[in-house]
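Engineer: Sharing a structure, written as structure tokens. Questions coming.
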Amino acid sequence: MSHPTLTLLVVGLCCGLHSIFAQDPCSSLDPGPYLATKPTLTMRVYEATQAELDQYPDSDKYKDELRLTGSIGGPAPAGITLEVMGNFRFFDPRDVFEFQTEAVTGKNLLKLVKAVDRDGPTGALDDDINMFTFTLKCSPVSNTSIEVYYDVRIQIIDVNDNFPRFVGAPYSATVNELIPVGSTVLHVSAVDIDFPLSSNVTYSIVPANVDDGSSMFAIDPVNGDVTVAVMLNYEELSQGHAYNLELMATDGDVDNPKSAKVTAKVTVTDGDDQGPAFEYEGCFRHMGVCAWPKYTSYANQMKLGEPITVYPVPNKVGQPVSIKARDLDPSMSEVKFSIASTIPPGFESHFSVATSHANGAFYTATVKQDTAITVSEGFEIFLKVEETTGNRRHEIAMIYFLGQNKGGSVGSQTTLKPASETDHQVGGPDKSPISTGGTSGETLALIVVVAILAAFVVCLAIAFFCYISRRRDTKGSKYNLESRHTTGGQRNGTSSTQM
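If you're matching positions, the sequence shown starts at 0 in numbering that gives the first Met the number 0 and goes up one per residue.
This is the structure we're talking about:
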């Protein structure tokens, strides 16, 4: 036997002998107030599963000291016997605990020998096993007629052995895509039956992938309110138009936290967040929608009271088209056409627009000239299509009028240029735009070119005339100088002769 073990044995025996001689068997080691009954014996053990008890049979977590003098089951004079009285509740302590004396220290022990779940079989508090209470009778082996009774209280200490449980799952909600940011869409709640050790449950959203909606929503970590984090978009959602959020509840155990997950489905319904759009083949598209819609028409083809014939820009179909538009929202609200403005302005009342339902979500516009006016090239009508909802979102298309169709294909592509103010002549008492037979853009350009060429020719002529004049002046000057020189010589000769 090693020296440390021998030392412990001696110490234990000494302590036991001291207890025997200091106090009678079955006496409490803890002094208490003078009462009619003996002091209460209080002990504490941790809850455990049977697997944990089998794996750690000697763990201090599953035993506590029974503070009585004497040796349980030992011989006289220090031996004592213990008997559990039948006034226990629910569970018989004799099935769960054992009383024994530790050989090394001589201490009397209460040991947990059967699994105990402090939290009970349900989440309710009324089936929790927080405390074993019963009456314990102690008698000395040397004199069994002596009976000492104690009130025993065995506290079961909770461990974090349960996961949080969501209440009311599965969760689902339906919201409109126009719901304001910060609005609560649903509330989740979880409980932990390891109360009160892990009662502080916190909540979070687990990001699974880029499309799961974890970035679209937020959750309050304390109260479990799920709110909208950013504006929702019904049109961007895939089939089903719903977000599946993975929510997690974590208990409050610092050393060994446990978590549980649940899926919440948030279905998004369509809201009136998109306006109407014109539609024709070959249009310039932005995000799949016709942008800056334009049509052309010929001024000489207009007839009073009859629909205006229009062609798309660019014209890839080679023929006239109907003006049609639809609401871009899947709810497909009704739309209505009207004249927004004209260039020159003030001629809106000379035209009318009729709206008719074509097919599906599409509506068509029929534009007519109601007043006998003559339209020249460059005249423009701005046609508005507007949804009939309270938001009254709208889109504008332009109808640009060209001059006479000069034998070319009616459906040929036309490059439009902004009309200048000189392209429109206003005459008559009603200030209507009339065709004046004036210069077109091409004719005006030709005139400018001819004017430039004429000016250039005039400049050349002037330069040539100046050149000729200067040459004449130069020759005349030379002739005069030679004449003067000859005359002078003659004069000198004459003088010499005379001399």
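Glycine is no exception: its CB is placed at the ideal position from the N, C-alpha and C atoms.
1. Please report the straight-line C-alpha distance between asparagine 232 and glutamate 176, rounded to a whole angstrom.
2. Please classify glutamate 376 as buried or exposed, where buried requires at least 16 neighbouring CB atoms within 10 angstroms.
3. I'd like the list of long-range same chain contacts for threonine 387, defined as Cβ closer than 8 Å, with 5 residues on each side in sequence excluded.
4. Return the bridge partner residues of threonine 143 from the DSSP annotation.
5. With distances taken from CA atoms, which of Phe381, Leu108, Val95, Leu244 is nearest valine 225?
6. Rounded C-beta distance between valine 261 and alanine 241? I'm assuming under 8 Å.
7. Identify every residue that forms a DSSP beta bridge with isoleucine 395.
8. When the distance is taken between beta carbons, is proline 306 closer than 8 Å to alanine 367?
9. How about leucine 108 and leucine 67: do their beta carbons lie closer than 8 Å?
10. Could you check how far apart the C-beta atoms of tyrosine 279 and proline 311 are, in whole angstroms? I think they sit under 8 Å.
11. Indicate the three-state DSSP secondary structure (helix, strand or coil) for valine 190 in the structure shown.
12. Alpha helix (DSSP H) containing alanine 50: first to last residue?
13. Per DSSP, asparagine 107 forms a beta bridge with which residues?
14. Okay, do the segment 143-162 and the segment 52-59 touch, 3+ Cβ pairs below 8 Å being the bar?
15. With 16 as the cutoff for other CB atoms within 10 Å, does asparagine 199 come out buried or exposed?
16. In whole angstroms, what is the alpha-carbon distance linking cysteine 157 and isoleucine 178?
17. Could you pull out every residue in the same chain whose Cβ sits closer than 7 Å to the Cβ of valine 288, ignoring the five residues on either side in sequence?
18. Based on Cα-Cα distance, which residue from Val253, Val265, His186 lies nearest to leucine 236?
19. Taking glycine 304 as the reference, which of Asp369, Val227, Met215 has the closest Cα?
20. Hey, threonine 100 and glycine 72 are a contact pair by Cβ (cut 8 Å); roughly how many whole angstroms apart?
21. Less than 8 Å between the CB atoms is what I'm expecting for alanine 396 and proline 292, so what's the real figure, rounded?
22. Consult DSSP for threonine 285 and reduce its assignment to one of helix, strand or coil.
23. Once the 5 residues before and after serine 351 are set aside, which same chain residues still bring their CB inside 7 Å of it?
24. Taking the continuous alpha helix (DSSP H) assigned at aspartate 94, which residues delimit it?
25. Since glutamate 379 and isoleucine 342 should fall inside the 8 Å C-beta cutoff, what is the C-beta to C-beta distance between them, to a whole number of angstroms?
26. Return yes when the C-beta of methionine 130 is under 7 Å from any heavy atom of the ligand SAM, and no when it is not.
Structural biologist: This is what the structure gives:
1. When rounded, the distance between both Cα atoms is 6 Å.
2. Flag for glutamate 376 reads buried.
3. Once the five neighbours on either side are set aside, the close Cβ partners of threonine 387 are Ser332, Glu333, Val334, Lys335.
4. According to DSSP, threonine 143 bridges with nothing at all.
5. Shortest Cα-Cα distance from valine 225 to any of Phe381, Leu108, Val95, Leu244 involves Leu244.
6. 16 Å between Cβ atoms; not a contact.
7. The bridge partners DSSP lists for isoleucine 395 are Lys383.
8. The sequence as given places lysine at residue 367; alanine does not occur at that position. Yes.
9. Not closer than 8 Å, so no.
10. Under the criterion of beta carbons closer than 8 Å, tyrosine 279 and proline 311 qualify as touching, at roughly 4 Å.
11. Strand.
12. Its alpha helix (DSSP H) spans residues 49-54.
13. Beta-bridge pairing links asparagine 107 to Thr100.
14. Contact between the segment 143-162 and the segment 52-59 is absent, because fewer than three Cβ pairs lie under 8 Å.
15. Asparagine 199 comes out exposed.
16. The sequence as given places aspartate at residue 157; cysteine does not occur at that position. Each residue's Cα considered, the two are about 45 Å apart.
17. Here the set comprises Ala276, Leu327.
18. Taking leucine 236 as reference, the option from Val253, Val265, His186 with the minimal CA-CA separation is Val265.
19. Looking at the Cα atoms, Asp369 is the closest of the given residues.
20. Contact holds; Cβ gap of about 7 Å.
21. Rounded, the Cβ-Cβ distance is 4 Å, consistent with contact.
22. The sequence given here has histidine at residue 285, not threonine. In this structure, histidine 285 counts as strand in the three-state DSSP scheme.
23. Within the same chain, Cβ atoms closer than 7 Å to the Cβ of serine 351 are found at Lys367, Asp369, the five residues on either side in sequence being excluded.
24. In the DSSP annotation of this structure, the continuous segment of the alpha helix (DSSP H) that includes aspartate 94 starts and ends at 92-95.
25. Rounded to whole angstroms, the Cβ separation of glutamate 379 and isoleucine 342 is 4 Å, and the two are in contact under 8 Å.
26. With respect to the ligand SAM, the structure offers nothing, as it holds no ligand at all.
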